[in-house]
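Adding 178 to a residue's 1-based position in the sequence shown gives its number in my numbering. This report concerns only the one structure given below.
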Amino acid sequence: MRRGIHLTQKTYLLVYFIGLMIFGCALLYLPVSFRGPERLTIIDALFTSVSAVCVTGLITVDTALYTTFGKLVILFLIQSGGLGIITFSTLYLATPRRKISLASAGMIKTYYLDSVEYKARNIVREIIITTFLIELAGSLVLFAAFRKTVPQHTYFTALFHSVSAFCNAGFSLFSSNLEAYAANVPVLLVIPALIFTGGIGFVVIRDCTKRVSREKKHLSLHSKLALSVSAALIAAGTLAYLILESRGAFKGMPFGLKFLNAFFQAVTDRTAGFDTINQAALSVPSKVLTLPLMFIGGSPGSISGGIKVTTFFLIIGAALKSRSQEGELAVFNRNVPPQRISQAQLFFIKALIILFSCIFLLTITENIFNASHPSFIEIVFESFSAFGTVGLSLGITAGLSAAGKIVIILTMFAGRVGLILIAIPGSLSMLDKKVDYPEGEVLIG
179 MRRGIHLTQK TYLLVYFIGL MIFGCALLYL PVSFRGPERL TIIDALFTSV
229 SAVCVTGLIT VDTALYTTFG KLVILFLIQS GGLGIITFST LYLATPRRKI
279 SLASAGMIKT YYLDSVEYKA RNIVREIIIT TFLIELAGSL VLFAAFRKTV
329 PQHTYFTALF HSVSAFCNAG FSLFSSNLEA YAANVPVLLV IPALIFTGGI
379 GFVVIRDCTK RVSREKKHLS LHSKLALSVS AALIAAGTLA YLILESRGAF
429 KGMPFGLKFL NAFFQAVTDR TAGFDTINQA ALSVPSKVLT LPLMFIGGSP
479 GSISGGIKVT TFFLIIGAAL KSRSQEGELA VFNRNVPPQR ISQAQLFFIK
529 ALIILFSCIF LLTITENIFN ASHPSFIEIV FESFSAFGTV GLSLGITAGL
579 SAAGKIVIIL TMFAGRVGLI LIAIPGSLSM LDKKVDYPEG EVLIG
């Protein structure tokens, strides 16, 4: 019975996302959407649509070449894709013909929201209002930052980048992304703030709001974990990039700008895809550092991709736990049940399978069909970026073969709807069935 419910929810959500991608592809393929020297191909239209819906940001054609109509379509796809998983699932469960069952409520609580309270429409309304208010505030600040450098359509440009940042999409209307703003302090602060807010999750935002207004005395375990791990990753990434690129990509900048660009890189790596520095100009150690940050991503219940910070923490915590600490993993004076750790490990393994399948397939397609033969690090970087729905690239996206683009499309799709394709189907079936067999010894290491 429970398995049937999961299948129904999965089917409806997959139809929503696939339908949105096809709809976006059809609109972008129209001549009115593109003004480039050549007509947009169907594969590039599909790639852009999937990248926007999956809030990835990888592009095969310059976004600046789209007409105003085309840019509006991309903006619509980013917003719809960014909010799609949470809003559609809760709206579907709240239709008048059906009530939220205990199993359905448990699924939402596990994968999307911290508190269902059986008022799905209220939750959706709160999510949408919060999103629009944050994006509006961000657009006003960016409007002031862009006013001198963008003489035409200034507010639309600001709004587009605000939505793209909050939805962790990384799409930019500038051909060089935000590289021209590497010395613009407001942009270096506002964009990461929007990325972090969108990537931390509505659960944490709601929890922090209630804590500030004193409706709650303490933050939930999830919020504490999401905030602390995210802060640690950003701090470590900022310090590492500052050290690695001080005489490299950041050379010639005053220390303050070096620090802000290192901070920007550490934040955008996790899931957004904006860049103020050409990623190809980064040193090899910095490129390697970017890979795990893209793979980890943001927080559960957010717009971000990746395996999520809580999954990462549980796996590391379980691995470092001493043999004497049997049973639950203790975090912030709370015990995490072993079942949660098993779910995290299973999710992690399935994510690795998808990621390395992408890398393997790209090495084949680009060796056979691509005359430029991208290097292995370029293929690995592109694969991590696609799966984590990040959008950073070393510059090979546009030159991928048609087969390679299809591989990236499938990887972006799997990375975006991973909660459905990876976590829900069968995630509990192996854990729920307990069969007692005689014990056997297996050598490790």
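From the three backbone atoms N, C-alpha and C, an ideal C-beta is built for every residue, glycine too.
Check: Would the stretch 558–571 and the stretch 447–455 be scored as touching if the rule is three or more Cβ pairs under 8 Å?
Finding: Output reads yes: the stretch 447–455 touches the stretch 558–571.
Checklist line | From 229, 395, 259 and 335, residue whose alpha carbon lies closest to that of residue 245 | finding: By one-based count along the sequence shown, residue 245 stands at place 67. Comparing Cα-Cα distances from residue 245 to each of 229, 395, 259 and 335, the minimum goes to 335.
Notebook entry, point to check: Cβ atoms of residue 322 and residue 370: under 8 Å apart, would you say?
Noted result: Sequence index remark: in the sequence shown, residue 370 carries index 192 (1-based). Sequence index remark: in the sequence shown, residue 322 carries index 144 (1-based). In this structure, residue 322 does not lie closer than 8 Å to residue 370 by Cβ.
Next item on the list: Could you name the residues of the same chain whose beta carbon sits closer than 6 Å to that of residue 422, not counting the 5 residues immediately before and after it, in chain order?
Entry: Taking the sequence shown and counting its residues from 1, one reaches residue 422 at position 244. The beta carbon of residue 422 is closer than 6 Å to those of 461, 463 and 464 in its chain, skipping five residues each way along the sequence.
Notebook entry, point to check: How would you label residue 330, buried or exposed, when you count the other beta carbons within 10 angstroms and need 16 or more for buried?
Noted result: In the sequence shown, residue 330 corresponds to position 152, counting from 1. Exposed.
Notebook entry, point to check: Hey, residue 480 and residue 377 are a contact pair by Cβ (cut 8 Å); roughly how many whole angstroms apart?
Noted result: Translated into the one-based positions of the sequence shown, residue 480 becomes position 302. Translated into the one-based positions of the sequence shown, residue 377 becomes position 199. The C-beta distance from residue 480 to residue 377 rounds to 5 Å, short enough to fall under 8 Å.
Margin query: I'd like to confirm the pairing. Which residues does DSSP put opposite residue 244 in its beta bridges?
Written below: As a first step, residue 244 must be located in the sequence shown, where it is residue number 66. When beta bridges are read from the DSSP output, residue 244 appears opposite 212.
Next item on the list: Starting from residue 346, trace the alpha helix (DSSP H) both ways and give me its first and last residue.
Entry: For the purposes of this step, residue 346 is identified with residue 168 of the sequence shown, where counting begins at 1. No residue range can be given for residue 346, since it is assigned to no alpha helix (DSSP H) and is classified by DSSP as neither H nor E.
Item checked: Extent of the continuous alpha helix (DSSP H) run through residue 397 -> By 1-based counting over the sequence shown, the position of residue 397 is 219. Per DSSP, residue 397 lies in no alpha helix (DSSP H) and is assigned neither H nor E.
Notebook entry, point to check: How is residue 513 classed by DSSP in three states: helix, strand or coil?
Noted result: On the sequence shown, position 335 is the one that residue 513 refers to. In the structure shown, residue 513 sits in a strand (DSSP, three-state: E or B).
Check: For the alpha helix (DSSP H) that contains residue 556, what are its first and last residues?
Finding: Indexing the sequence shown from 1 puts residue 556 at position 378. In the DSSP assignment, residue 556 falls within the unbroken alpha helix (DSSP H) covering 554–565.
Note to self: Looking at residue 260: is its Cβ nearer than 8 Å to the Cβ of residue 198?
What the structure shows: As a working mapping, residue 260 is identified with position 82 in the sequence shown. As a working mapping, residue 198 is identified with position 20 in the sequence shown. At a Cβ-Cβ threshold of 8 Å, residue 260 and residue 198 do not count as neighbours.
Checklist line | Meets three-Cβ-pair contact criterion under 8 Å: the stretch 428–447 and the stretch 386–406 | finding: The stretch 428–447 is not in contact with the stretch 386–406.
Notebook entry, point to check: What residues are listed by DSSP as bridge partners for residue 508?
Noted result: Start at 1 with the first residue of the sequence shown, and residue 508 comes out as number 330. DSSP, once it has assigned bridges, lists 513 as partnering residue 508.
Check: Is the beta carbon of residue 590 less than 8 Å from the beta carbon of residue 345?
Finding: Looking up residue 590 in the sequence shown gives position 412. Looking up residue 345 in the sequence shown gives position 167. Not closer than 8 Å, so no.
Check: If residue 472 sits next to residue 538, beta carbons under 8 Å apart, how far is it from one beta carbon to the other, in whole angstroms?
Finding: The count along the sequence shown starts at 1 and reaches residue 472 at position 294. The count along the sequence shown starts at 1 and reaches residue 538 at position 360. The distance from the Cβ of residue 472 to that of residue 538 is about 18 Å, inconsistent with a contact at the 8 Å cut-off.
Check: When you compare each of 483, 478, 469 and 520 to residue 494 by their alpha carbons, which one comes out closest?
Finding: Walking along the sequence shown from the start, residue 494 turns up at place 316. Out of 483, 478, 469 and 520, 520 has the C-alpha closest to the C-alpha of residue 494.
Checklist line | Chain-order list of residues whose beta-carbon lies under 8 Å from that of residue 361 (same chain, five-residue window excluded) | finding: Reading the sequence shown from its first residue, position 183 is the one you call residue 361. For residue 361, the CB contacts under 8 Å within the same chain, skipping 5 residues up- and downstream, are 431 and 435 in chain order.
Check: Using 8 Å as the limit for Cβ to Cβ distance, is residue 512 near chain C?
Finding: The structure shown contains no chain C; it holds only a single protein chain.
Checklist line | residue 429 classed as buried or exposed, judged by whether at least 16 other C-beta atoms fall within 10 angstroms | finding: Position 251 of the sequence shown, counting from 1, holds the residue named residue 429. By the 10 Å Cβ count, residue 429 comes out exposed.
Item checked: Rounded C-alpha distance that separates residue 415 from residue 405 -> Taking the sequence shown and counting its residues from 1, the one referred to as residue 415 is at position 237. Taking the sequence shown and counting its residues from 1, the one referred to as residue 405 is at position 227. Their backbone Cα atoms lie some 15 Å apart in a straight line.
Next item on the list: Round the Cβ separation of residue 703 and residue 456 to the nearest angstrom and send it over; I've been treating them as touching at under 8 Å.
Entry: This structure leaves residue 703 out entirely; the chain is present only between 179 and 623.
Margin query: DSSP three-state label for residue 491, please.
Written below: In the sequence shown, the residue the question calls residue 491 occupies position 313. DSSP places residue 491 in helix when its eight states are reduced to three.
Notebook entry, point to check: Smallest Cα separation from residue 367: which of 347, 354 and 454?
Noted result: Taking the sequence shown and counting its residues from 1, the one referred to as residue 367 is at position 189. From the listed residues 347, 354 and 454, the smallest Cα separation to residue 367 is found for 454.
Check: What residue range is occupied by the uninterrupted alpha helix (DSSP H) comprising residue 386?
Finding: Start at 1 with the first residue of the sequence shown, and residue 386 comes out as number 208. Element bounds for residue 386: 380–390.
Check: So, helix, strand or coil for residue 620, using DSSP?
Finding: Within the sequence shown, numbered from 1, the residue matching residue 620 stands at position 442. In the three-state scheme derived from DSSP, where H, G and I count as helix and E and B as strand, residue 620 is classed as coil.
Note to self: If you reduce the DSSP assignment to three classes, tell me which class residue 523 lands in.
What the structure shows: Position 345 of the sequence shown, counting from 1, holds the residue named residue 523. The answer is helix: DSSP assigns residue 523 an H, G or I state.
Next item on the list: Label residue 253 either buried or exposed according to how many other C-beta atoms from any shown protein chain fall within 10 Å of its C-beta, with 16 as the threshold for buried.
Entry: Along the sequence shown, one-based indexing puts residue 253 at 75. The C-beta of residue 253 has 16 or more other C-beta atoms within 10 Å across all chains shown, which makes the residue buried.
Item checked: Alpha-carbon to alpha-carbon, residue 194 and residue 486 -> Within the sequence shown, residue 486 is the residue found at index 308, counting from 1. Within the sequence shown, residue 194 is the residue found at index 16, counting from 1. Residue 486 and residue 194: Cα-Cα distance of roughly 23 Å.
Next item on the list: Drop a sphere of 10 angstroms on the beta-carbon of residue 228, count the other beta-carbons inside from all chains shown, and report buried for 16 or more, exposed for fewer.
Entry: For this step, residue 228 is matched to residue 50 along the sequence shown. That one is buried.
Checklist line | Among 236, 237 and 205, nearest to residue 250 - alpha-carbon criterion | finding: Translated into the one-based positions of the sequence shown, residue 250 becomes position 72. Between residue 250 and the set 236, 237 and 205, the nearest pair of CA atoms involves 205.
Checklist line | Distance between residue 389 and residue 549 (C-alpha atoms, nearest Å) | finding: To locate residue 549, count along the sequence shown from 1; it is residue 371. To locate residue 389, count along the sequence shown from 1; it is residue 211. Looking at the backbone, the Cα of residue 549 and that of residue 389 are separated by about 57 Å.
Checklist line | CA nearest to the CA of residue 534, picked from 214, 513, 522 and 558 | finding: Locating residue 534 in the sequence shown gives position 356, where the first residue counts as 1. Relative to the Cα of residue 534, the nearest Cα in the group 214, 513, 522 and 558 belongs to 558.
Check: Can you tell which of 312, 482 and 408 has its C-alpha closest to the C-alpha of residue 491?
Finding: The sequence position of residue 491 within the sequence shown is 313, counting from 1. Among 312, 482 and 408, the Cα nearest to that of residue 491 is on 408.
Notebook entry, point to check: Looking at C-alpha atoms only, which residue of 359, 385 and 565 is the closest neighbour of residue 469?
Noted result: Residue mapping note: residue 469 aligns to position 291 of the sequence shown, counting from 1. Nearest C-alpha to residue 469: 565.
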